[in-house]
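*Asks:*
Here you go:
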């Protein structure tokens, strides 16, 4: 596997994956541009009408490049997908790039496209579809491969951690002992880190939000809609940049625990 991320000055991210396929470019071209072949591996039902490309849901896209059998590219909503084919001996080097705005969704996108490209390979070989794999573990593998960091110091001197999780918000809430959270009482221990003495809970909404006071400012856990099958977690801690490593470790420990 060969995957990289590029973060652009405008805040968009490009995910790049390369795969060598033991089939000539003309055959691979048909598989990545013809809807009757794409249905075997692409994650949506594609229709093509001129330079318009539909996906069966959401907004249509537009074909931006169509240079057979070398380059095919199209938009999908605000995203851009690009398929570049290069002859490689008796096979093809496929370079796929996906450009998007949701940087913290990168591992979900990578896991999804890795699965799609594996299915593409099977389709080209004439093999039956593969059984589903461990998508949660694959997601976490790509977090490591892509070097995604969940926590950073904010411009105002606080900490913000964001992490795509592999389980729904209600599952994570229970794992964190969220049902025990009570306004005015200390937060359940799983919502805290040793470096930050916790004050009382000020807000608690089951499966959605927990906020509590600290000496430097509030800590806020929020669970929202994410990519893939899990929730998106955002933690903010106002006023104490020195805790960034503690929050990074806490988030990674939580993500690891979801694989158990």
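In our numbering, the protein residues as written are 131 to 390.
Think of the CB as a built atom: it goes at the ideal place given N, C-alpha and C, for glycine as much as any other residue.
Using CA coordinates, which residue listed in 306, 370, 325, 326 is at the minimum distance from residue 363?
*Replies:* In the chain shown, the residue the question calls residue 363 occupies position 233. Here the closest residue by C-alpha is 306.
*Asks:* Taking the alpha-carbon of residue 254 as reference, which of 243, 167, 375 has the nearest alpha-carbon?
*Replies:* Looking up residue 254 in the chain shown gives position 124. The shortest Cα separation from residue 254 among 243, 167, 375 belongs to 167.
*Asks:* Count the other C-beta atoms from every protein chain shown that fall within 10 angstroms of the C-beta of residue 293, then say buried if there are 16 or more, exposed otherwise.
*Replies:* Residue mapping note: residue 293 aligns to position 163 of the chain shown, counting from 1. It is buried - the Cβ of residue 293 has at least 16 other Cβ atoms within 10 Å.
*Asks:* In angstroms with no decimal places, state the Cα-to-Cα distance between residue 310 and residue 318.
*Replies:* By one-based count along the chain shown, residue 310 stands at place 180. By one-based count along the chain shown, residue 318 stands at place 188. Each residue's Cα considered, the two are about 7 Å apart.
*Asks:* In terms of residues, what are the limits of the alpha helix (DSSP H) holding residue 155?
*Replies:* If you number the chain shown from 1, residue 155 lands on position 25. 155–163 is the span of the alpha helix (DSSP H), which, as asked, contains residue 155.
*Asks:* Hey, would you say residue 296 sits closer than 7 Å to residue 266, going by beta carbons?
*Replies:* As a working note, residue 296 is residue 166 in the chain shown. As a working note, residue 266 is residue 136 in the chain shown. Cβ atoms of residue 296 and residue 266: closer than 7 Å.
*Asks:* Measuring only the C-alpha atoms, how far is residue 370 from residue 333?
*Replies:* As a first step, residue 370 must be located in the chain shown, where it is residue number 240. As a first step, residue 333 must be located in the chain shown, where it is residue number 203. Taking the straight line joining both Cα atoms gives about 20 Å.
*Asks:* Can you find the residues in the same chain that come closer than 8 Å, C-beta to C-beta, to residue 134, ignoring five residues on each side of it along the sequence?
*Replies:* Here residue 134 is taken as the residue at index 4 of the chain shown, counted from 1. Closer than 8 Å at Cβ, skipping near neighbours: 145, 146, 276.
*Asks:* Buried or exposed for residue 187, please, with buried defined as at least 16 other CB atoms from any protein chain shown within 10 angstroms of its CB.
*Replies:* Along the chain shown, read from residue 1 onward, the residue named residue 187 stands at position 57. The residue in question, residue 187, is exposed, as its Cβ has fewer than 16 Cβ neighbours within 10 Å.
*Asks:* Let me know the secondary structure DSSP gives residue 335 once reduced to three states.
*Replies:* Stepping through the chain shown from its first residue, residue 335 is reached at position 205. Strand at residue 335.
*Asks:* Using DSSP bridges, identify the partner residues of residue 135.
*Replies:* Within the chain shown, numbered from 1, the residue matching residue 135 stands at position 5. Partner(s): 145.
*Asks:* Provide the residue span of the alpha helix (DSSP H) that contains residue 242, from first to last.
*Replies:* Within the chain shown, the letter at position 112 stands for residue 242. It spans 236–255 - the alpha helix (DSSP H) in which residue 242 sits, taken as one unbroken run.
*Asks:* With DSSP run on the structure shown, which of helix, strand or coil describes residue 233?
*Replies:* As a first step, residue 233 must be located in the chain shown, where it is residue number 103. Residue 233: helix per DSSP, three-state reduction.
*Asks:* From what residue to what residue does the alpha helix (DSSP H) around residue 265 run?
*Replies:* Position 135 of the chain shown, counted from the first residue, corresponds to residue 265. Per DSSP, residue 265 belongs to the alpha helix (DSSP H) from 265–275.
*Asks:* Across the stretch 205–218 and the stretch 334–341, are there enough close Cβ pairs to call them in contact, namely three or more that are closer than 8 Å?
*Replies:* Touching, no, given that fewer than three Cβ pairs across the two stretches are closer than 8 Å.
*Asks:* So who's on the other strand from residue 340, going by DSSP bridges?
*Replies:* For the purposes of this step, residue 340 is identified with residue 210 of the chain shown, where counting begins at 1. According to DSSP, which records beta bridges pairwise, residue 340 is partnered with 334, 351.
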